[in-house]
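S.K.: Here the sequence shown is numbered in the numbering used here, starting from 33 and rising by one per residue. Note that CB positions come from ideal geometry on N, CA and C, so glycine has one too.
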Amino acid sequence: MSRWLEPVLELHLDSEWGSPYWLQRQRELGIDLRREVRTVDDLALLGPFDLELLRRHPLEHFVPRAMLQGGRQMLLGETGGTSGPPCSVVFLEAEFEAAFVHPFFHATGWRRESEEGRWLWLGPGGPHLIGRAARRIARESTGCDCFSIDFDPRWYRTLAPGTLMRRRYLGHLLEQARRILHQQPSVRFLFATPVVLLELASGLEEQVRERIGFIYLGGMPVEPQPLQALGEYFPNARLLSGYGNSLFGVCHEAAPHRPDGEPPRYFPPDDGRMLLQLVSLDPALDDAERLILPVAEGECGQVVMHRLDCSLFLPNVMERDQGVRVRAGGREGVEAPQPLQVMGIEIEQGIY
């Protein structure tokens, strides 16, 4: 049970100040959702949430009218667009911190502005919320903004795989990163995708690689073999990877570590705003049927995410990933998430 479920339902289903989408959805279902949905398991009554809705309707269709009043600070962004057109997304300031920033400090155990050195962010900005998270983490950990590069993963994905244009664009990214690392010896922290970082590491001098003390990985699945290679390239660095997206936030490993050959395990923040489940992969069943069939601990299932926020209520989002269900400390998590293998879904990962 999440402590956020009841107040979020009350807000989004308020007849005067709720969100237009959820008020309409309640009428379609013909039930009182505040009465019928009492636990996280009851969210299945709502059925799978189709992300096409976020592409089809303006964001105000999903945000409670109460949240659009009174000058609340909201952060707007878009998803990466790896599995279709981008979706618009919104977070209140406190929700953004809870989804992207606080979990990082919880996993690392760092105190605010306690780290010496500078960050280099090798990822997108613009509508991608992860870029804002990278800058926020840099400022709150070191007291200084991060160095960054000009990085457009959407443009990269428009270029045909294996072409000279793709190689030249990746080279453009790496050239920027190498220049910063050579000019700025204070850079000790890297935030990047494994693909970009492996390409960068293979061309860096040993003395540059040895001064890196921490690597934060995200943006795409992380597997043991690339982690092992990164550990060899950066012998003095501890690594931490995150799993998530712009709609929900980030799940982390338990703590930074040296690569050990084990598949990563990720757990959502323990505040109950973001919940993760794994459900049946049976291709003979439709999404609504699979949604009510959680897999057992140790079994592989499709990742289902729930976001319980005042700005957005997104239950039953069936992700493009599968993974193994794990538990630790009473929390549900996922081991070795990767793109779905059985649903015929094609994901263009690119460089982010």
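Output the distance between the C-alpha atoms of Glu242 and Ile212, rounded to the nearest integer angstrom.
M.R.: 16 Å
S.K.: Which one of Val282, Ile324, Gly245 has the shortest CA to CA distance from Glu264?
M.R.: Gly245
S.K.: Suppose contacts are defined by Cβ-Cβ distances below 8 Å. Is Gly293 in contact with Leu310 by that definition?
M.R.: no
S.K.: Where in the segment 35-114 do unbroken runs of the beta strand (DSSP E), each at least 3 residues long, occur, reported from the N-terminal end onward?
M.R.: 106-110
S.K.: For His160, list the residues DSSP reports as bridge partners.
M.R.: Glu110
S.K.: Between the C-alpha atoms of Ser51 and Thr190, what's the straight-line distance to the nearest angstrom?
M.R.: 35 Å
S.K.: Beta strand (DSSP E) containing Met337: first to last residue?
M.R.: Its beta strand (DSSP E) spans residues 332-340.
S.K.: What separation, rounded to the nearest whole angstrom, lies between the Cα atoms of Gly274 and Val282?
M.R.: 6 Å
S.K.: To the nearest angstrom, how far is the alpha carbon of Leu279 from that of Ala316?
M.R.: 28 Å
S.K.: State the beta-bridge partners of Tyr298 as determined by DSSP.
M.R.: DSSP, once it has assigned bridges, lists Val366 as partnering Tyr298.
S.K.: Could you check which residue in Glu92, Pro256, Arg199 has the C-alpha nearest to that of Glu367?
M.R.: Pro256
S.K.: Looking at C-beta atoms only, is the number of pairs between the segment 69-82 and the segment 104-113 that lie closer than 8 Å three or more?
M.R.: Touching, no.
S.K.: Would the segment 351-365 count as touching the segment 158-170 if we require 3 or more Cβ pairs under 8 Å?
M.R.: no
S.K.: Beta carbon of Leu124, beta carbon of Arg97: below 8 Å?
M.R.: no
S.K.: Give a yes or no on whether the C-beta atoms belonging to Asp182 and Gln216 are separated by under 8 Å.
M.R.: no
S.K.: Over the uninterrupted beta strand (DSSP E) stretch that includes Trp151, give me the two end residues.
M.R.: 150-154
S.K.: With Ala209 as the anchor, note down where its alpha helix (DSSP H) starts and where it stops.
M.R.: 196-215
S.K.: For Asp64, which option in Leu205, Phe81, Leu45, Gly194 has the closest C-alpha, if you only look at C-alpha atoms?
M.R.: Leu45
S.K.: How big is the Cα-Cα spacing for Tyr201 and Gly250?
M.R.: Their Cα atoms are separated by approximately 20 Å.
S.K.: If we ignore side chains and look at the alpha-carbon of each, how far apart do Leu392 and His338 end up?
M.R.: With the chain covering only 33 through 384, there is no way to say anything about residue 392.
S.K.: Let me confirm a value: Pro90 is counted as buried when at least 16 other C-beta atoms fall within 10 Å, else exposed. Which label applies?
M.R.: exposed
S.K.: Rounded to a whole number of angstroms, what is the C-alpha to C-alpha distance between Pro135 and Arg359?
M.R.: Cα atoms of Pro135 and Arg359: separation of roughly 18 Å, rounded to the nearest angstrom.
S.K.: Out of Asp82, Pro295, Gly113, Arg150, point me to the one whose CA is closest to Asp184's CA.
M.R.: Gly113
S.K.: Measuring CA to CA, which of His93, Pro267, Asn348, Tyr298 is closest to Val121?
M.R.: Of the listed residues, the one whose Cα sits closest to Val121 is His93.
S.K.: Is it buried or exposed, Leu37, if we count other Cβ atoms within 10 angstroms and call 16 or more buried?
M.R.: buried
S.K.: Is the distance from the Cβ of Leu271 to the Cβ of Ile247 below 8 Å?
M.R.: yes
S.K.: For Gln309, write down the residues that DSSP places opposite it in a beta bridge.
M.R.: Val336
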